[in-house]
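Engineer: Each position in the sequence shown, counted from 1, maps to that position plus 57 in my numbering. Let me give you the structure first, and then I'll get to my questions.
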Amino acid sequence: MEKFIKTALEPFKEVLIITCKEFSDERGYFSEYFNQSAFQKVSGNATTFVQDNFSLSRKWVLRGLHFQKKPFAQAKLIRVLRGEIFDVVVDLRKKEKTFGKWAGVRLDGVDNKMLYVPEGFAHGFLSLSDKTELLYKCSSYFNKEAERTLHWSDNTISISWPSEIPISSLIISEKDKKGLSLDRLLELDELF
C-alpha cells in the first residue's frame with residue numbers, strides 16, 4: 058500500500074502536491090509525515106533533506122518569494138500544521154518553457170497534504186489564518202550569501218493572490234519588500 062499519493066501542480070510536472078495516507082479508527086488517525094523511501098518512490102527523484110524549519114505567521118503575513126542560488130539551491134517539502142496558506146511557486150529555470158510562470162495552491166492543517174518544490178523555483182506563501190504554523194524540509198542548508206528574493210508583486214509574473222486580501226493589511230518583512238524583479242534577477246545572472 059502506498060503511503061503517499063502525488064498530483065502535479067499544473068503547469069509544472071515537477072512540483073507535487075503529496076497527500077499522506079491516513080489510517081483511522083475510533084481513536085483518531087495516524088499518518089506518516091515523512092518517509093524518505095516512500096517520498097523518493099512517489100516523487101521519482103532522489104532528493105534528501107538536511108534541515109527542517111518551522112514558522113509561525115499571523116494572518117496576512119506574506120513571506121517570499123525565496124530561493125537560494127546554486128550550488129546552495131534548495132528543494133522544499135512544505136506542510137501546514139495549523140491554519141491555512143496560499144502557497145506559491147515560480148519557475149526560475151531559464152531553459153524551461155515554463156520559465157517565469159507561477160502556480161498557487163491553498164494548503165491547510167487538516168487536509169494532510171504537502172507541497173514538494175524542487176530546486177529552480179522561488180517559493181512563498183500568504184497566511185490566511187490568525188496562527189499559521191508551517192513545517193518544511195530543505196535539501197540544502199540555509200546560506201545567507203546565496204539567498205535571493207523575487208518580488209511578490211512582480212508585474213511580469215502577475216501572481217493572482219487571493220482576492221480577499223486587503224493589500225494595505227499585508228505584513229511583509231523589509232527584506233521581502235526589497236525583492237528583485239524577474240528581469241533584474243535575469244540581468245544579474247542569479248537564476249537557474
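Glycine is no exception: its CB is placed at the ideal position from the N, C-alpha and C atoms.
Should L207 go down as buried or exposed, given a rule of 16 or more other Cβ atoms within 10 Å for buried?
Structural biologist: For the purposes of this step, residue 207 is taken as residue 150 along the sequence shown, with counting starting at 1. Classification of L207: buried, given that the 10 Å Cβ count is 16 or more.
Engineer: Indicate the three-state DSSP secondary structure (helix, strand or coil) for R84 in the structure shown.
Structural biologist: Start at 1 with the first residue of the sequence shown, and residue 84 comes out as number 27. Of the three classes helix, strand and coil, the one that applies to R84 here is coil, per DSSP.
Engineer: How big is the Cα-Cα spacing for K152 and G177?
Structural biologist: Within the sequence shown, numbered from 1, the residue matching residue 152 stands at position 95. Within the sequence shown, numbered from 1, the residue matching residue 177 stands at position 120. Each residue's alpha carbon lies about 11 Å from the other.
Engineer: If you count every other CB in all the chains shown that lies within 10 Å of the CB of G140, and 16 or more means buried, which is it?
Structural biologist: What you label residue 140 is simply residue 83 of the sequence shown in a count that begins at 1. With 16 or more Cβ atoms within 10 Å of its Cβ, G140 is classed as buried.
Engineer: Give the DSSP-derived three-state secondary structure of V99 in the structure shown.
Structural biologist: Indexing the sequence shown from 1 puts residue 99 at position 42. Correct three-state label for V99: helix.
Engineer: By a C-beta neighbour count over all protein chains shown, 10 Å radius and 16 as the cutoff for buried, is F199 buried or exposed?
Structural biologist: Locating residue 199 in the sequence shown gives position 142, where the first residue counts as 1. It counts as exposed.
Engineer: If you count every other CB in all the chains shown that lies within 10 Å of the CB of S184, and 16 or more means buried, which is it?
Structural biologist: Numbered from 1 along the sequence shown, position 127 holds the residue referred to as residue 184. Answer is buried; the Cβ neighbour count reaches 16.
Engineer: Which value, in whole angstroms, describes the spacing of the CA atoms of E190 and R163?
Structural biologist: On the sequence shown, position 133 is the one that residue 190 refers to. On the sequence shown, position 106 is the one that residue 163 refers to. Near 14 Å, if we compare the C-alpha coordinates of R163 and E190.
Engineer: Would you kindly check if the distance between the Cβ of S100 and the Cβ of K133 is under 8 Å?
Structural biologist: Walking along the sequence shown from the start, residue 133 turns up at place 76. Walking along the sequence shown from the start, residue 100 turns up at place 43. Their beta carbons are not under 8 Å apart, which means K133 does not touch S100 by this criterion.
Engineer: Measuring CA to CA, which of G161, I142, K194, F87 is closest to R115?
Structural biologist: The residue given as residue 115 occupies position 58 in the sequence shown. When only C-alpha atoms are compared, the closest one is I142.
Engineer: By DSSP, does E204 sit in helix, in strand, or in coil?
Structural biologist: Numbered from 1 along the sequence shown, position 147 holds the residue referred to as residue 204. In the structure shown, E204 sits in a strand (DSSP, three-state: E or B).
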